[in-house]
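Just below is one structure, and these are the notes that go with it.
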Amino acid sequence: MADEVTSSEAADNQSPEQGAQPAQQERQGRGGRGRGRGGNERGGNDRGGRGRRDDRNKRDEDQGEELIEKLVHINRVSKTVKGGKRFGFAALVVVGDGQGRAGFGHGKAREVPEAISKATAAAKKKMIRVPLKEGRTLHHDGTGHFGAGKVTLRSAPQGTGIIAGGPMRAVFESLGVADVVTKSNGTSNPYNMIRATFEALGEQTSPKSVAARRGKKIADLLGRGGASAVVAEAEAAAITE
Numbered sequence: 001m002a003d004e005v006t007s008s009e010a011a012d013n014q015s016p017e018q019g020a021q022p023a024q025q026e027r028q029g030r031g032g033r034g035r036g037r038g039g040n041e042r043g044g045n046d047r048g049g050r051g052r053r054d055d056r057n058k059r060d061e062d063q064g065e066e067l068i069e070k071l072v073h074i075n076r077v078s079k080t081v082k083g084g085k086r087f088g089f090a091a092l093v094v095v096g097d098g099q100g101r102a103g104f105g106h107g108k109a110r111e112v113p114e115a116i117s118k119a120t121a122a123a124k125k126k127m128i129r130v131p132l133k134e135g136r137t138l139h140h141d142g143t144g145h146f147g148a149g150k151v152t153l154r155s156a157p158q159g160t161g162i163i164a165g166g167p168m169r170a171v172f173e174s175l176g177v178a179d180v181v182t183k184s185n186g187t188s189n190p191y192n193m194i195r196a197t198f199e200a201l202g203e204q205t206s207p208k209s210v211a212a213r214r215g216k217k218i219a220d221l222l223g224r225g226g227a228s229a230v231v232a233e234a235e236a237a238a239i240t241e
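Each residue of the sequence shown is one higher than the last, beginning at 1 in our numbering.
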């Protein structure tokens, strides 16, 4: 009995701060075990890191360059199943920045908006850069061929405008070309026309790149066409890409 009374009196005489210490140590031990398992230190930082990366990607998309998106074609297909018909959609989209970069892509989905978003994402991944003369037309003529589609591209003087069909017009509007003359032969399939157009655009070169490859001056290349040295020098100075 004396031992029990002594222990109870000792517990009653214990200060609140001393009684709170074991509970605090127990909480710290639990937190330590959580941190050891990756709760607050390792796991918490990882979760926070992933959140920051997601926010950074979102900011990059919000602050990114403005792209011109052109919906070229939407195709609806149906599949007959036991319960009826199941419809799907395929979209062909052309995107560009209006300053010499463009790309195309297609996407398939059960709904039109989703198909367009897939096609737009695919187009942004396959953008190419095309050198432009004075920022408004092509440097030289070109031809492209894909399947049954054959296209011809020709540079044009200022004020000509875009002389092109529907699918090809979307490409040049998104590319930033203001003056061009085109002709399509063989097919009116928008997929083949777009692919043939991008094949022709991929073969475009600029005097600056040719001069760098051959180790010559731009004025020397431009002067071989019969232009005077002064005119050649002026045109060479005006070429930026």
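All C-beta atoms, glycine included, are put in the ideal place defined by N, C-alpha and C.
Keep in mind the model is a prediction, meaning the values are calculated, not measured.
Reduced DSSP secondary structure (H/G/I, E/B, other) of residue i
i, result
"L175", "helix"
"N185", "strand"
"A156", "coil"
"A102", "strand"
"K216", "coil"
"T120", "helix"
"G202", "helix"
"G166", "helix"
"K82", "coil"
For residue i, the residue or residues it bridges with in DSSP
i, result
"F89", "R76, A109"
"L67", "Answer is none; L67 lacks a bridge partner."
"V130", "In the DSSP output, where bridge partners are listed per residue, V130 has none listed."
"V94", "K70, F104"
"K150", "H145, N185"
"V180", "S155, I162"
Cβ-based neighbour list, residue i, same chain, cut-off 7 Å, excluding 5 preceding and 5 following
i, result
"G36", "Because the pLDDT at G36 is just 47, under 50, the model does not fix this residue reliably, and the point stays unresolved."
"R110", "G88"
"R76", "F87, F89"
"K216", "none"
"G84", "none"
"E203", "G142"
Cβ-based neighbour list, residue i, same chain, cut-off 6 Å, excluding 5 preceding and 5 following
i, result
"R195", "F146"
"A91", "I74, G107, A115, I116, A119"
"G186", "A148, G149, K150"
"L201", "V130"
CA-to-CA distance, residue j to residue i, given in whole angstroms
i, j, result
"I116", "Q99", "23 Å"
"S78", "E134", "47 Å"
"T197", "G142", "9 Å"
"M127", "A212", "24 Å"
"V181", "I162", "6 Å"
"V95", "A178", "16 Å"
"V112", "L71", "11 Å"
"L160", "R154", "The question names Leu, but residue 160 is Thr in the sequence shown. Cα to Cα, T160 sits roughly 11 Å from R154."
"F172", "E69", "12 Å"
"M193", "G103", "14 Å"
"P167", "P190", "6 Å"
"R101", "L175", "6 Å"
"R214", "R129", "21 Å"
"K183", "G144", "11 Å"
"P157", "A122", "33 Å"
"E66", "A170", "16 Å"
"D97", "R136", "13 Å"
Residues of its chain near residue i, where Cβ-Cβ distance is below 8 Å and the 5 sequence neighbours each way are ignored
i, result
"V81", "none"
"K125", "G103, G105"
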